[in-house]
Amino acid sequence: MKSFKRIPKFIPELDPGFMPISLQNREYREALALEDEKVDVKVAIVGPKGFVSTTKLQIFPDSADKNEDNIQYVERLVKSLIWVKGGYKVIFAGPNYIGQHLKMAYTIGGERDFDVVFMRDVYDREFEIEITDYDNVPESNEQVKKLGRNLEGYRIGFDAGGSDRKVSAVVDGEAIYSEEVVWHPKITKDPEYHYQGILDSVKRAAEKMPRVDAIGISAAGIYIDNQVRAASLFRVIPKEDFEKRVKNIFYDVAANIGDVPIEVANDGDVTALAGAMSFQENCILGIAMGTSEAVGYVDKNGNITGWLNELAFVPVDYSENAIMDEWSLDRGVGVSYFSQDAVIKLSPNAGIDLDENLSPADKLKVVQNLMEKNDERAKKVYENIGIYLGYSLAYYSDFYDINKVLLLGRVVSGKGGDILIEKANEVLKVEFRELYDKIELITPDEKMKRVGQSIAAASLPNLSK
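Right, here's the structure in full:
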């Protein structure tokens, strides 16, 4: 923001220009609280089946020195809400100059072209920004889908990973059979490969039980009504083949087994559910830092919300020089701060030379190996990511009620993960004491590892429906 640049008490040494959104927004709101006059704004995110998520906020009155800040404050919030909640329409009530900015940005060919096309493809309808009067913006109507914790009967839990697929045969909550199979879905264009691979795993589990009552599926991506809408597993499959063979791939597999009930959920949500089942606590935000930032959430009632939770595209840094995500072409979004991309980005600044011929995963391994040897340069990399996390959790808490943050993925494994968590806790303690007293950062325990992703997935379908 132009007028609000609060200096963090923890400056990442390898990225000194970092301007955490949580701090800048706090300064914006504190300055606004001192103003006699404020402008009311209302934003609604509209999704399928009557879903509406409405946010009310206030901004500064129209003035030459505050309009730019107002635009950035509102636009970054709208961007965040789109990717946290998910929807095909934004209804905006507020100053016309902000509404027109949103309309120009969120259109085909506009600054947020990626967001518009992505949401259009996910929801099968054109994305739009609607400008209206304050009283015409609908109130929230967020239906929560109650998934998981159903363990009765003979179930199959399937977890579709990018490098292996896992399956479990689960009888009344106990896994009687589990198997992992290496596969390569991200680089295979033939949808038959994917279908036969999934079917093979599910059939192997089915053979271990007298019958199959339900199939629960965990997979990276976005799923609506158990249909595949966007998923990295199928990213190289041609669009025509995707529509014909992939969109209903899990229904097709279930039909082959005997047309049993299925439930498909994002793997981030299933991970958070596994954590909630293991720790017997709700309000869990799961963050997996690997090839991207995968996120899931279990609310206060123990439910998966059905939100997108795509925090990889939610901004966390206001800096004009923040790194640009190569896919979304936006600056300062989560994937660049909480994935292997962050390690790779920061390493040269720490004096670590990474061979350009190495894959991103192998570059991460180089830094991890240095960390295991207590290399000070590698330590700085993880400390910086910990600073990012501490400040960003404060922003995420604007959208989620969080008691525990479950941290997973290759980036948080080993000694580097311990340093990352320690630094994030330090930031919370000093800058956001109220959150430090409330939020606990955890990693999977042995019980959760035993429960596992595929068993949590098996619990998704509700047989009483």
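Going by our numbering, the letters in the sequence shown line up with residues 59 to 523, in that order.
Idealized CB from N, CA, C, for every residue including glycine.
If residue 205 sits next to residue 321, beta carbons under 8 Å apart, how far is it from one beta carbon to the other, in whole angstroms? The residue labelled residue 205 in the question sits at position 147 within the sequence shown. The residue labelled residue 321 in the question sits at position 263 within the sequence shown. The pair is a contact, with the Cβ atoms about 6 Å apart (cut-off 8 Å).
Give the DSSP bridge partners of residue 189, in chain order. Here residue 189 refers to the residue found at position 131 when the sequence shown is read from its first residue. The partner list for residue 189 (beta bridge, DSSP) reads 150.
Contact under 8 Å by Cβ, residue 109 with residue 199: Along the sequence shown, one-based indexing puts residue 109 at 51. Along the sequence shown, one-based indexing puts residue 199 at 141. Result yes, Cβ atoms of residue 109 and residue 199 sit closer than 8 Å.
Name the two residues that bound the continuous beta strand (DSSP E) containing residue 110. Within the sequence shown, numbered from 1, the residue matching residue 110 stands at position 52. Counting along the chain, the beta strand (DSSP E) containing residue 110 begins and ends at 110-117.
Where in the stretch 254-317 do unbroken runs of the alpha helix (DSSP H), each at least 4 residues long, occur, reported from the N-terminal end onward? 307-315
Within 10 angstroms of the Cβ of residue 242, are there 16 or more other Cβ atoms? Answer buried if so, exposed if not. Locating residue 242 in the sequence shown gives position 184, counting from the first residue. Flag for residue 242 reads exposed.
Any 3 or more C-beta pairs closer than 8 Å across the stretch 102-121 and the stretch 458-477: no
In the structure shown, what three-state DSSP assignment does residue 212 receive? Here residue 212 refers to the residue found at position 154 when the sequence shown is read from its first residue. Residue 212 falls in the strand class under three-state DSSP.
Beta-carbon separation of residue 146 and residue 185 under 8 Å? By 1-based counting over the sequence shown, the position of residue 146 is 88. By 1-based counting over the sequence shown, the position of residue 185 is 127. Taking 8 Å as the Cβ cut-off, residue 146 and residue 185 qualify as a contacting pair.
Return the CA-CA distance between residue 19 and residue 155, expressed in angstroms with no decimal places. In the structure as shown, the chain starts at 59 and stops at 523, and residue 19 therefore has no counterpart that could be examined.
Does DSSP classify residue 366 as helix, strand or coil? In the sequence shown, counting from the first residue as 1, residue 366 sits at position 308. It is coil, neither helix nor strand.
List the endpoints of the continuous beta strand (DSSP E) containing residue 237. By one-based count along the sequence shown, residue 237 stands at place 179. That run of the beta strand (DSSP E) goes 232-240.
Which first and last residues belong to the beta strand (DSSP E) in which residue 324 is found? Your numbering for residue 324 matches position 266 in the sequence shown. Per DSSP, residue 324 belongs to the beta strand (DSSP E) from 320-324.
List in chain order: all unbroken alpha helix (DSSP H) runs of 4+ residues lying wholly within the stretch 369-410. 398-404
At the level of alpha carbons, what is the spacing between residue 220 and residue 117? Mapped onto the sequence shown, residue 220 falls at position 162. Mapped onto the sequence shown, residue 117 falls at position 59. Roughly 43 Å separates the two Cα atoms.
Could you tell me which of 431, 464, 434 and 459 sits nearest to residue 447, measuring between CA atoms? As a position in the sequence shown, residue 447 is number 389, starting the count at 1. Considering only alpha carbons, the answer is 464.
C-alpha gap between residue 66 and residue 75, whole angstroms: Against the sequence shown, residue 66 aligns to sequence position 8. Against the sequence shown, residue 75 aligns to sequence position 17. Residue 66 and residue 75: Cα-Cα distance of roughly 10 Å.
Go through its chain and collect everything with a Cβ distance to residue 253's Cβ below 8 Å, but skip five positions before and after it. Within the sequence shown, numbered from 1, the residue matching residue 253 stands at position 195. Within the same chain, residue 253 has close Cβ partners 303, 307, 310 and 311.
Under a Cβ-count criterion, where at least 16 other Cβ atoms within 10 Å of its own Cβ denotes burial, should residue 259 be classed as buried or exposed? On the sequence shown, position 201 is the one that residue 259 refers to. Residue 259 comes out buried.
Own chain partners of residue 347 with C-beta closer than 6 Å, once the 5 adjacent residues on each side are dropped: Taking the sequence shown and counting its residues from 1, one reaches residue 347 at position 289. Contacts found: 396, 397, 467, 469 and 470.
Given this structure, state the Cα-to-Cα distance separating residue 141 from residue 180, to the nearest angstrom. What you label residue 141 is simply residue 83 of the sequence shown in a count that begins at 1. What you label residue 180 is simply residue 122 of the sequence shown in a count that begins at 1. Whole-angstrom Cα-Cα distance: 12 Å.
Which first and last residues belong to the beta strand (DSSP E) in which residue 342 is found? Residue numbering aside, residue 342 sits at position 284 when the sequence shown is read from its first letter. Looking at the DSSP string, the run of the beta strand (DSSP E) that includes residue 342 is 342-347.
Taking three-plus beta-carbon pairs below 8 Å as touching, is the stretch 278-286 in contact with the stretch 320-335? yes
Report all residues from its chain with a CB closer than 6 Å to the CB of residue 233; omit the five preceding and five following residues, and keep chain order. Along the sequence shown, one-based indexing puts residue 233 at 175. Only 226 and 513 meet the Cβ criterion.
Alpha carbon to alpha carbon, how far is residue 245 from residue 238? For the purposes of this step, residue 245 is taken as the residue at position 187 of the sequence shown. For the purposes of this step, residue 238 is taken as the residue at position 180 of the sequence shown. Cα-Cα distance, rounded: 19 Å.
Alpha carbon to alpha carbon, what distance is there between residue 163 and residue 388? For this step, residue 388 is matched to residue 330 along the sequence shown. For this step, residue 163 is matched to residue 105 along the sequence shown. Rounded to whole angstroms, residue 388 to residue 163 spans 12 Å at the Cα level.
Can you name the start and end residues of the beta strand (DSSP E) that residue 94 belongs to? As a working note, residue 94 is residue 36 in the sequence shown. Taken as a continuous stretch (DSSP letters only), residue 94 belongs to no beta strand (DSSP E), as it is neither H nor E.
Going by DSSP, what residues sit across from residue 102 in a beta bridge? Sequence index remark: in the sequence shown, residue 102 carries index 44 (1-based). 112 and 149, per the DSSP bridge assignment.
Would you say residue 444 and residue 482 are within 8 Å of each other, going by their C-beta atoms? Taking the sequence shown and counting its residues from 1, one reaches residue 444 at position 386. Taking the sequence shown and counting its residues from 1, one reaches residue 482 at position 424. Against a cut-off of 8 Å, the Cβ pair of residue 482 and residue 444 comes out as a contact.
To the nearest angstrom, report how far apart residue 421 and residue 212 are at their CA atoms. Counting from 1 along the sequence shown, the entry for residue 421 is found at position 363. Counting from 1 along the sequence shown, the entry for residue 212 is found at position 154. Each residue's Cα considered, the two are about 42 Å apart.
Below 8 Å on the Cβ atoms is my guess for residue 36 versus residue 330; work out the distance and round it to an integer in Å. Because the chain in this structure spans residues 59 to 523, residue 36 falls outside the shown range and cannot be described.
To the nearest angstrom, how far is the alpha carbon of residue 189 from that of residue 458? Locating residue 189 in the sequence shown gives position 131, counting from the first residue. Locating residue 458 in the sequence shown gives position 400, counting from the first residue. The straight-line gap from Cα to Cα measures roughly 27 Å.
Buried or exposed: residue 81, going by 16 or more other Cβ atoms within 10 Å of its Cβ? Taking the first residue of the sequence shown as 1, we reach residue 81 at position 23. With 16 or more Cβ atoms within 10 Å of its Cβ, residue 81 is classed as buried.
Output needed for residue 264: all residues of its chain with C-beta closer than 7 Å, excluding positions within five of it in sequence on either side, in chain order. Start at 1 with the first residue of the sequence shown, and residue 264 comes out as number 206. Excluding positions up to five away in sequence, the list reads 214, 270 and 315.
Out of curiosity, what's the CA-to-CA distance linking residue 290 and residue 148? Position 232 of the sequence shown holds residue 290. Position 90 of the sequence shown holds residue 148. Approximately 26 Å between the Cα atoms of the pair.
Which residue wins for smallest C-alpha separation from residue 492, given the options 520, 501, 292 and 452? On the sequence shown, residue 492 is found 434 positions in, with the first residue counted as 1. Nearest C-alpha to residue 492: 452.
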